[in-house]
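Residues in the sequence shown are numbered from 0 upward in steps of one, following numbering that gives the first Met the number 0.
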Amino acid sequence: MQEWIRPISVWKVSEATLFVSFTPADGIPVSCEVLMLPLDTPENQQRLLSLELTFAWVSEFREIPLEILQAVFSRCGRYPSRANVKEYWYGLFGETNSFSEDSDYYDFLEVERPNNVDYFVQPGAFEEGAENRENLPPRYYEDLLEANSPAWCEQYRHNKITPSLSGQAVFAKSFNPEFHIRERLYPDFGRPIVLGVDTGRNPALVAGQIDARGRLLVLGSVWAENMGIEKFIATTARPFLLENFQGGKFFMAMDPAGRQRSQIGEESVKMAVERLGFSVILAPTNDITPRLRAVERYLGLQIDGGGGLLIDRRLNNDLLLALQRDYRYPRDKKGVLAEKPDKGHPESDLADGLQYLCLSAASNVLARAMTPMIAVAPPPPTAAWT
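Shown next, in the form of structure tokens:
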């Protein structure tokens, strides 16, 4: 920094402070003290508690925990006092190399970015708009490409967010946030709402419906930890549905094993859910391959130039994290991907709910659930009187 602004600054080593003073074109003098503070030790982090700042600049912020970055921001806007200056800008700047999907900053900036955060991605070294190449040797980036792995180059030369090294997201090649996510979706209460449910010990529910254009709208999702299905419905699922979809006609789609009676009691999961007032659709299968294929089918569907599967961002935060990153095929010690996704919670539970939703939302499955069985009378004998 001193190199950039040497003509208008004085550096005092003893105070670890850069004093900046200049008068810009508008004639209003500027006087600024820039405190140089490392954030790599608990002692330095404690110093944050006593700081009163106007703004902060955090360099290579991916190297510090997100909580520390938020603590730095909490000290901004405290100087000068409003008793002396009524209105002034305050805030936090930060810059960094790219990060991986494992980083907390991926969630913070790419998935759940707050409304008061602006996020800019610099073009990669070979993209249009790349800058500073004139100050580097002619083959600087080309030499780096030849000397490093593709994954390293993707992150450090092309400035791309890299996949997690712990595995591969199951829907990495088919799920596109820009194509499949909408800020808000509106249910049609004249159409049935299907609730894809994972009835395991960490139950989850994913609500969706087929709209008039044939698109699958994923309206909302909810999950709970270490809870039986009856308690989940009573304390979590039913309040969620009443708050967001009151007036809807619901069908719960679940694992076909839900018809099996308990070894202790006489009641099956299906019977328990029906006793609680929900109609039940048993999915055609619980095999993982057709379940994943059902989700892939909707993700790959295009209708009128848009996605055949759309997800409401407001009510599906954890489901979106599962699709983008957390629901993944694990790698073994040799780096080989497993054939089945990992069973982490809640990502696998929500993914299971989505799979049962996709298996059961098709019109023919719903039609069988909604249409009562009608006995067909045999034709009268040919010799009978009519």
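Glycine included, C-beta positions come from ideal geometry on N, C-alpha and C.
Note that the structure is a prediction, hence the values are computed from the model and not measured.
Residue i, enclosing alpha helix (DSSP H) - first and last residue
i      : result
Lys11  : From DSSP, Lys11 is part of no alpha helix (DSSP H) but of the beta strand (DSSP E) over 8-11.
Gln154 : 149-155
Ala124 : It is not in any alpha helix (DSSP H) - Ala124 carries neither H nor E in the DSSP assignment.
Ile63  : From DSSP, Ile63 is part of no alpha helix (DSSP H); its letter is neither H nor E.
Gln167 : Looking at the DSSP string, Gln167 is not in any alpha helix (DSSP H); the run it does join, the beta strand (DSSP E), is 166-168.
Ser411 : Here the chain covers residues 0 to 385 and nothing more, so residue 411 does not appear.
Asp317 : 316-320
Pro176 : 176-179
Phe244 : 237-244
Tyr355 : 346-359
Cβ-based neighbour list, residue i, same chain, cut-off 6 Å, excluding 5 preceding and 5 following
i      : result
Val29  : Phe21
Ala383 : Residue confidence for Ala383 is low, a pLDDT of 47 falling below 50, so the modelled location carries little weight and cannot support an answer.
Arg56  : Note that residue 56 is Trp in the sequence shown here, rather than Arg. The answer, listed in chain order, is Phe92.
Glu224 : Asn201
Lys11  : none
One or two residues paired with residue i in a DSSP bridge
i      : result
Glu32  : Phe18
Glu94  : Ser58
Trp222 : Ala203
Arg330 : Leu336
Asp197 : Ala203
Boundaries (first-last residue) of the beta strand (DSSP E) holding residue i
i      : result
Met253 : 249-253
Ile4   : Element bounds for Ile4: n/a, residue is neither H nor E.
Asp311 : 308-311
Ile280 : 278-281
Which listed residue (the options) has its alpha carbon closest to that of residue i
i      : options                        : result
Ala211 : Arg190, Glu32, Glu224          : Arg190
Glu346 : Ser267, Ile67, Ser220, Leu108  : Ser220
Thr161 : Ala24, Asp101, Leu144          : Asp101
Pro289 : Leu356, Ile4, Phe98, Arg81     : Leu356
Ile209 : Cys75, Lys230, Tyr185, Lys85   : Tyr185
Leu353 : Thr16, Arg260, Phe170          : Phe170
Glu32  : Ala168, Ser8, Gly26            : Ser8
Asp254 : Asn243, Ile228, Phe239, Glu265 : Ile228
Ser359 : Val205, Leu68, Gly26, Leu314   : Val205
Ala271 : Arg61, Ala233, Ala70, Leu300   : Ala233
Gly90  : Ile302, Pro41, Phe72, Ser49    : Phe72
Sequence-distant residues of its chain with Cβ nearer than 7 Å to residue i (five each side left out)
i      : result
Pro6   : none
Arg156 : Gly123, Ala124, Tyr140, Leu143, Leu144
Ile287 : Lys339
Val120 : Asn158
Phe107 : Leu65
Ile373 : Annotation note: pLDDT 35 at Ile373 (below 50); position unreliable, coordinate value reported separately. For Ile373, where only same-chain residues beyond five positions count, there are no Cβ hits under 7 Å.
Arg243 : One detail in the question is off: residue 243 reads as Asn in this sequence, not Arg. For Asn243, where only same-chain residues beyond five positions count, the Cβ hits under 7 Å are Gly219, Leu314.
Pro176 : Gln323
Ser173 : Glu295, Leu298, Gly299
Cβ-based neighbour list, residue i, same chain, cut-off 8 Å, excluding 5 preceding and 5 following
i      : result
Ser278 : Phe249, Phe250, Met251, Ala368
Pro79  : Thr53, Tyr87
Ser267 : Gly257, Arg258, Gln259, Arg260, Ser261
Val84  : none
Integer Cβ distance of residue i from residue j, believed to fall under 8 Å
i      : j      : result
Asn109 : Asn316 : One detail in the question is off: residue 109 reads as Glu in this sequence, not Asn. At roughly 13 Å, the Cβ-Cβ gap does not stay under 8 Å, so Glu109 and Asn316 are not in contact.
Leu336 : Arg330 : 6 Å
Leu34  : Thr16  : 5 Å
Gly195 : Asp348 : At roughly 11 Å, the Cβ-Cβ gap does not stay under 8 Å, so Gly195 and Asp348 are not in contact.
Ser97  : Lys159 : 6 Å
Leu442 : Leu308 : Only positions 0 to 385 of the chain appear in this structure, which leaves residue 442 out of reach.
Arg183 : Asp325 : Not confirmed; about 23 Å, so no contact.
Arg81  : Glu51  : That pair is no contact at about 12 Å.
Leu47  : Ala70  : 5 Å
Ile192 : Gly276 : That pair is no contact at about 14 Å.
Ala203 : Asp351 : 7 Å
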